[in-house]
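Novice: The following block contains the structure, expressed as structure tokens.
Residue numbers (this note's numbering): 9 to 445.
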């Protein structure tokens, strides 16, 4: 059965993977090119935050587009608009137009995610959902990670990478537009807003916010961090690849552990270890800069190792938050809450590049990881505080951890699954003790 389902969704996953490859390429390249053009760091941070603002706006409005024209047409139109937006960048080499264009690209990205996820949910069953969504996560990490390697394909100072990213968006339309599969029938559902979500699962909400604050800052300010250390394009690519592809490493081990322990303890431990890794990177870079500058030949391997550890840890915060929220949500709340959890991630993502850019302005490039260490410490303290305020669900009542890629879901994406209220076989009732909520 799984093989048949994978064959049905293969064109969609191929097209989605190409979209993520284009997005991963351009998100990193935009920061690099902004540095080349001499854009101030705060404006580069604003440019990166605009992408996530566009994602939030798109999450609320792209559903109407999908309902009006269907998934295939919406996917094709949004991909075409993404390609056009990318190609407009070299004609408008100023910070303010780029901020607007980045917002438009984020809007398109939200719609593409919504098309993909609601389409996948229409095709899978309770017996295949976990496997298909795991593949969806793998495609996400590989697409974004592979995008970092694309930086070495063209010269960032020319228009080559603009054209490559636009070409990937255009090619990504083909598998979806030519698929023989039919559109899923959309269905309206009420949203589960961030306020209601925070009241139901505060640690889960803050874990998703922290993931957005950390990951978006790395995407947005990672290249300027490396440029400030005089890294070559290949070294920038290697650093960003380590930060992103490392997200595959700890998903299953951490998820397995969280299924057997209090998830708040796991979230707190991950946040603390991520903070320690951030401090270690800051110390390594800071000490080297006090000398003759950072020597990649002597300390590049150590930096990549620490970056891999840091990236692997923060990549688990979002799926841990999703799993923990579902420990305390009833069956009729879970699909609605999925949108709220990703919205929490998106809200964090808006502030990440701006806050990181501000700290970097104050204390130099190490500010990127000093800021991230602070995010980890705050989440650690909050998780410990909440552990004193509410009892935990217990292992027998927990929802199993599922591999969920951060930011691959968008608010409303699951709402277009016509079977959204069909309970899975494995679903269990949430705790009925009012004190547990």
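Backbone N, C-alpha and C fix where the C-beta goes; we use that ideal spot for every residue, glycine too.
Please identify the residue among 375, 330, 265 whose C-alpha is closest to the C-alpha of residue 289.
Specialist: The residue given as residue 289 occupies position 281 in the chain shown. Residue 375 is the option with its Cα nearest to residue 289.
Novice: In terms of residues, what are the limits of the alpha helix (DSSP H) holding residue 55?
Specialist: For the purposes of this step, residue 55 is taken as the residue at position 47 of the chain shown. Taken as a continuous stretch (DSSP letters only), the alpha helix (DSSP H) holding residue 55 covers 49-77.
Novice: Residue 365 and residue 53 - do their beta-carbons sit closer together than 8 Å?
Specialist: In the chain shown, residue 53 corresponds to position 45, counting from 1. In the chain shown, residue 365 corresponds to position 357, counting from 1. Yes, they are a contact pair.
Novice: Quick one: any contact between the region 152-162 and the region 110-122, if contact means 3 or more CB pairs under 8 Å?
Specialist: No, because fewer than three Cβ pairs between the region 152-162 and the region 110-122 fall closer than 8 Å, the two stretches do not touch.
Novice: What's the call for residue 100, buried or exposed, on a 16-neighbour Cβ count within 10 Å?
Specialist: To locate residue 100, count along the chain shown from 1; it is residue 92. By the neighbour-count rule (16 or more Cβ atoms within 10 Å), residue 100 is not buried but exposed.
Novice: By a C-beta neighbour count over all protein chains shown, 10 Å radius and 16 as the cutoff for buried, is residue 264 buried or exposed?
Specialist: For this step, residue 264 is matched to residue 256 along the chain shown. Label assigned to residue 264: exposed.
Novice: Note down, one range per segment and in chain order, each alpha helix (DSSP H) of at least 4 residues found wholly within the region 282-329.
Specialist: The qualifying runs are 304-322.
Novice: Quick check: the Cα distance between residue 209 and residue 276, rounded to an integer number of angstroms?
Specialist: The residue you call residue 209 lines up with position 201 of the chain shown. The residue you call residue 276 lines up with position 268 of the chain shown. Answer to the nearest angstrom: the Cα atoms are 15 Å apart.
Novice: When DSSP labels each residue in this structure, what does residue 45 get in the three-state scheme?
Specialist: Locating residue 45 in the chain shown gives position 37, counting from the first residue. Coil, per DSSP.
Novice: State buried or exposed for residue 420, treating a residue as buried only when at least 16 other CB atoms are found within 10 Å of its CB.
Specialist: The residue you call residue 420 lines up with position 412 of the chain shown. Since pLDDT at residue 420 reaches only 43, below the 50 mark, its modelled position is unreliable, and no value is offered.
Novice: Just the C-alpha distance for residue 31 and residue 274, rounded to the nearest angstrom, thanks.
Specialist: Numbered from 1 along the chain shown, position 23 holds the residue referred to as residue 31. Numbered from 1 along the chain shown, position 266 holds the residue referred to as residue 274. Rounded to whole angstroms, residue 31 to residue 274 spans 31 Å at the Cα level.
Novice: Is DSSP giving residue 22 helix, strand or coil here?
Specialist: Here residue 22 is taken as the residue at index 14 of the chain shown, counted from 1. In the structure shown, residue 22 sits in a helix (DSSP, three-state: H, G or I).
Novice: Looking at the secondary structure, which residues open and close the alpha helix (DSSP H) in which residue 229 lies?
Specialist: Here residue 229 corresponds to residue number 221 of the chain shown, with the count starting at 1. Segment 210-236, the alpha helix (DSSP H) holding residue 229.
Novice: Whole angstroms is fine: what's the gap from residue 252's alpha carbon to residue 326's?
Specialist: Start at 1 with the first residue of the chain shown, and residue 252 comes out as number 244. Start at 1 with the first residue of the chain shown, and residue 326 comes out as number 318. Looking at the two C-alpha atoms, the distance is approximately 14 Å.
Novice: Is there contact here, the region 204-220 with the region 20-40, by at least three beta-carbon pairs under 8 Å?
Specialist: The region 204-220, when compared against the region 20-40, does not touch it at the 8 Å Cβ threshold.
Novice: Is residue 165 helix, strand or coil by DSSP?
Specialist: Along the chain shown, one-based indexing puts residue 165 at 157. DSSP places residue 165 in coil when its eight states are reduced to three.
Novice: Counting only the same chain and skipping the five closest in sequence on each side, list residues whose C-beta sits under 7 Å from that of residue 91.
Specialist: Mapped onto the chain shown, residue 91 falls at position 83. So the list reads 174, 177, 178, once near-sequence residues are dropped.
Novice: Using 8 Å for Cβ pairs, my map puts residue 323 next to residue 254. What's the rounded Cβ distance?
Specialist: Counting from one through the chain shown, the residue named residue 323 turns up at place 315. Counting from one through the chain shown, the residue named residue 254 turns up at place 246. The Cβ separation is near 7 Å, so the contact holds.
Novice: Identify which residue in 228, 390, 163, 98 has its Cα closest to the Cα of residue 280.
Specialist: Taking the first residue of the chain shown as position 1, residue 280 is located at position 272. Among 228, 390, 163, 98, the Cα nearest to that of residue 280 belongs to 390.
Novice: By how many angstroms is the C-alpha of residue 169 removed from the C-alpha of residue 163?
Specialist: Position 155 of the chain shown, counted from the start, is the residue given in the question as residue 163. Position 161 of the chain shown, counted from the start, is the residue given in the question as residue 169. In a straight line, the C-alpha of residue 163 is about 7 Å away from that of residue 169.
Novice: Using a threshold of 8 Å, state whether the C-beta atoms of residue 354 and residue 64 are closer than that.
Specialist: For the purposes of this step, residue 354 is identified with residue 346 of the chain shown, where counting begins at 1. For the purposes of this step, residue 64 is identified with residue 56 of the chain shown, where counting begins at 1. Cβ atoms of residue 354 and residue 64: closer than 8 Å.
Novice: Just checking my contact of residue 60 with residue 224 at CB under 8 Å: how many whole Å lie between their CB atoms?
Specialist: As a first step, residue 60 must be located in the chain shown, where it is residue number 52. As a first step, residue 224 must be located in the chain shown, where it is residue number 216. At roughly 6 Å, the Cβ-Cβ gap stays under 8 Å, so residue 60 and residue 224 are in contact.
Novice: Which whole-angstrom value describes the C-beta separation of residue 234 and residue 226, a residue pair presumed to lie in contact below a C-beta threshold of 8 Å?
Specialist: As a working mapping, residue 234 is identified with position 226 in the chain shown. As a working mapping, residue 226 is identified with position 218 in the chain shown. With a Cβ gap of about 11 Å, residue 234 and residue 226 do not count as contacting.
Novice: Counting C-beta neighbours from all protein chains within 10 Å, is the total for residue 261 16 or more, i.e. buried, or is it exposed?
Specialist: Locating residue 261 in the chain shown gives position 253, where the first residue counts as 1. So residue 261 ends up on the exposed side.
Novice: May I ask you to report which of helix, strand or coil DSSP gives residue 374?
Specialist: If you number the chain shown from 1, residue 374 lands on position 366. The answer is coil: DSSP assigns residue 374 none of H, G, I, E or B.
Novice: For residue 152, count neighbouring C-beta atoms within 10 Å of its own C-beta (all shown protein chains included) and say buried if the count is 16 or more, exposed if not.
Specialist: The count along the chain shown starts at 1 and reaches residue 152 at position 144. Buried, by the Cβ-count rule.
Novice: What does the alpha-carbon distance come out to for the pair residue 79 and residue 349?
Specialist: Locating residue 79 in the chain shown gives position 71, where the first residue counts as 1. Locating residue 349 in the chain shown gives position 341, where the first residue counts as 1. For residue 79 and residue 349, the distance between alpha carbons rounds to 23 Å.
Novice: Quick one: using the 10 Å Cβ neighbour count with 16 as the cut-off for buried, is residue 166 buried or exposed?
Specialist: Sequence index remark: in the chain shown, residue 166 carries index 158 (1-based). Under this definition residue 166 is an exposed residue.
Novice: With distances taken from CA atoms, which of 284, 187, 308 is nearest residue 237?
Specialist: Taking the chain shown and counting its residues from 1, one reaches residue 237 at position 229. Closest option to residue 237, Cα to Cα, is 308.
Novice: Can you list, in chain order, the residues of its chain whose CB lies under 6 Å from that of residue 380, leaving out five sequence neighbours each side?
Specialist: One-based indexing of the chain shown puts residue 380 at position 372. The answer, listed in chain order, is 222, 286.
Novice: Nearest to residue 352 by CA position, among 17, 49, 219, is which residue?
Specialist: Locating residue 352 in the chain shown gives position 344, where the first residue counts as 1. It is 219 whose Cα lies nearest to the Cα of residue 352.
Novice: Hey, could you find the ends of the alpha helix (DSSP H) residue 255 is sitting in?
Specialist: The count along the chain shown starts at 1 and reaches residue 255 at position 247. No alpha helix (DSSP H) contains residue 255, which DSSP labels as neither H nor E.
Novice: Rounded to whole angstroms, how far is the Cβ of residue 311 from the Cβ of residue 292, which I believe are closer than 8 Å?
Specialist: Here residue 311 is taken as the residue at index 303 of the chain shown, counted from 1. Here residue 292 is taken as the residue at index 284 of the chain shown, counted from 1. That belief holds up - the Cβ atoms of residue 311 and residue 292 are roughly 6 Å apart, short of 8 Å.
Novice: How about residue 378 and residue 367: do their beta carbons lie closer than 8 Å?
Specialist: Position 370 of the chain shown, counted from the first residue, corresponds to residue 378. Position 359 of the chain shown, counted from the first residue, corresponds to residue 367. Against a cut-off of 8 Å, the Cβ pair of residue 367 and residue 378 comes out as a contact.
Novice: Given a cut-off of 8 Å on the beta-carbon distance, is the pair residue 180 and residue 87 in contact?
Specialist: Along the chain shown, read from residue 1 onward, the residue named residue 180 stands at position 172. Along the chain shown, read from residue 1 onward, the residue named residue 87 stands at position 79. Their beta carbons are under 8 Å apart, which means residue 180 touches residue 87 by this criterion.
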